[in-house]
Ligand code: FAD
Ligand code: UDP
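In the numbering used here, the protein residues as written are 431 to 819.
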């Protein structure tokens, strides 16, 4: 993985592929193209590091932190695990999240414990079903992020756990967001307090960045960091372009801007071994300006006399992190997608390139599926990877 400077990249013979974005999308595709098809790839990122939003590093105190917020790996796809396991060993980790509501730290997703603690009850799962059924408001059809929650748990729990958090996170009321947003968080009447129920839940043992380093350590991949595609798009020589940045930016916002939600991260190291009981505590209350606090040592298993935490403050301006799922944005994206299909020699990939609220495993699946199409066109048979749903 030679890291080039700009004059070296400009002087290199033409690349088979220029890949913009060294996150999961770009790095997985680069690895496959180089290792399986022998292609020469230039992988470019405007940040000074690989790994995209999953990048982790040791902070000044030596605590491993995620620069862009907590990244927890979870998937139901054995093939994705099998693929990534070529580049990392794993640490078993099941994510648990507490929400601060009415002065208590309560499990989220809402479960039996949440209900019993919040209302001072001692229900069993069957009684909790009846309890929620009595509060749930039938909504037909379920269109918005509000509808999803209100139809499952009723308005009071919706207000306590979802409305404030969602308004802070997205700058929109849940009624204005697609149902897929809150459908990510289930409701349970059991005492299962795991955030995810996927069959594989774990963290890369030596961190995400180490996994990416090993993925990109292939003959045929050159790396050019700290370089914005817009600066070099006409100067670099390549046959095919794969673009994992925001699709509207590539087309110079010709149909208008696709909205992305951003975050400001406030990192802090504390001279104490622990700060909170779990990796993530959510703060749904409107009066608290941050949405959540992450304490990384729970995720990484690192032992250290200090602990590092991050508060997340959502904002409209800044790095694009989240495509905003709502019908008018999907419509605008469709126009860019149609334009992309009419544009020769460029393919869009990843969370920003395809404007999809994808988790890491889904982006890996998307990159592997694109690789499979490229390999087929090149007449090289590879085993099947399906596009994420
Ligand atoms: P990115 O990681 O965003 O990479 C795109 C890269 O393209 C960036 O490095 C960017 O600098 C580069 N780029 C863009 N434009 C240009 C340009 N013009 N020139 C050069 N480079 C450019 N997923 C999970 O599965 N589990 C989690 O717990 C989880 N937590 C998350 C928490 C937060 C706060 C966020 C924001 C996301 C989280 N995700 C999580 C989602 C995860 O980050 C994404 O699925 C994944 O990182 C997407 O990979 P990507 O390669 O598509 O995009
Ligand atoms: N959400 C909420 N309260 C919570 C947790 C989640 O309102 O305590 C909503 C919020 O709109 C959030 C969405 O559910 O954006 C999806 O949550 P998830 O944890 O999947 O979001 P992520 O941080 O992974 O993007």
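Even glycine gets a Cβ: it sits at the ideal position worked out from N, Cα and C.
| Asked | Found |
| --- | --- |
| Under 8 Å by Cβ, that's how I've got residue 639 and residue 487 pegged, so tell me the actual separation to the nearest angstrom. | 6 Å |
| CA-CA distance, residue 437 and residue 659? | 14 Å |
| Output the residue ranges of the alpha helix (DSSP H) runs that lie fully inside the segment 714-770 and measure 4 residues or longer, sorted by chain position. | 727-730 |
| My understanding is that residue 609 touches residue 573, with C-beta atoms under 8 Å, so please give their C-beta distance in whole angstroms. | 6 Å |
| Does DSSP classify residue 696 as helix, strand or coil? | strand |
| When DSSP labels each residue in this structure, what does residue 433 get in the three-state scheme? | strand |
| As an exercise, report each continuous alpha helix (DSSP H) stretch of at least 4 residues that is fully enclosed by the segment 599-682, in chain order. | 638-646, 659-662, 677-680 |
| Where do the ends of the alpha helix (DSSP H) carrying residue 548 lie? | 542-549 |
| Can you tell which of 476, 512, 625, 687 has its C-alpha closest to the C-alpha of residue 538? | 625 |
| I need the DSSP call for residue 530, collapsed to helix, strand or coil. | strand |
| Could you give the distance in angstroms between the alpha-carbon of residue 752 and the alpha-carbon of residue 789? | 11 Å |
| Should residue 677 and residue 513 be called a contact, given that it needs their Cβ atoms to be closer than 8 Å? | no |
| State buried or exposed for residue 515, treating a residue as buried only when at least 16 other CB atoms are found within 10 Å of its CB. | exposed |
| Pick from 465, 471, 454, 669: whose alpha carbon is nearest that of residue 385? | There is simply no residue 385 to check, as the chain begins at 431 and stops at 819 in what is shown. |
| Comparing alpha-carbon positions, which option in 622, 598, 506, 688 lies nearest residue 757? | 688 |
| Closer than 6 Å by C-beta to residue 460: which residues in its own chain qualify, once you throw out the five before and the five after it? Chain order, please. | 449, 471, 473, 651 |
| Does any residue of chain B bring its CB to less than 8 Å from the CB of residue 539? | Within the model displayed, chain B is absent; a lone protein chain is all it includes. |
| State the beta-bridge partners of residue 521 as determined by DSSP. | 633 |
| Compute the minimum distance between the beta carbon of residue 450 and the heavy atoms of the ligand FAD, and state whether it is under 7 Å. | yes |
| Kindly examine the ligand FAD and report whether one of its heavy atoms sits closer than 7 Å to the Cβ of residue 736. | no |
| Buried or exposed: which applies to residue 728, given that a residue is buried once 16 or more other Cβ atoms fall within 10 Å of its Cβ? | buried |
| What do you get for residue 454, buried or exposed, if any count of 16 or more other CB atoms within 10 angstroms of its CB means buried? | buried |
| Go to residue 569, then tell me how far its alpha helix (DSSP H) extends in each direction, as first and last residue. | Residue 569 -> no alpha helix (DSSP H), and no H or E assigned at all. |
| Do residue 724 and residue 500 count as a contact pair if the criterion is CB distance below 8 Å? | yes |
| Compute the distance between the beta-carbons of residue 754 and residue 600, then report whether it is under 8 Å. | yes |
| In or out: residue 506 buried (at least 16 other Cβ within 10 Å) or exposed? | exposed |
| Report back the beta-carbon spacing between residue 582 and residue 617 to the nearest angstrom; my notes put them in contact at under 8 Å. | 5 Å |
| Would you kindly work out how many angstroms separate the C-alpha atoms of residue 646 and residue 433, rounded to a whole number? | 11 Å |
| Using CA atoms only, rank isn't needed, just tell me which of 503, 565, 738 is closest to residue 702. | 738 |
| Taking the alpha-carbon positions, what's the residue 712 to residue 531 distance? | 9 Å |
| Tell me whether residue 520 counts as near the ligand UDP, meaning its Cβ is closer than 7 Å to at least one heavy atom of that ligand. | no |
| By how many angstroms is the C-alpha of residue 796 removed from the C-alpha of residue 643? | 20 Å |
| If you compare alpha carbons, which of 495, 550, 656, 611 is closest to residue 579? | 611 |
| Just to confirm before moving on: does the CB-CB distance between residue 597 and residue 770 stay below 8 Å? | no |
| Could you have a look at residue 537 and say whether DSSP puts it in helix, strand or coil? | strand |
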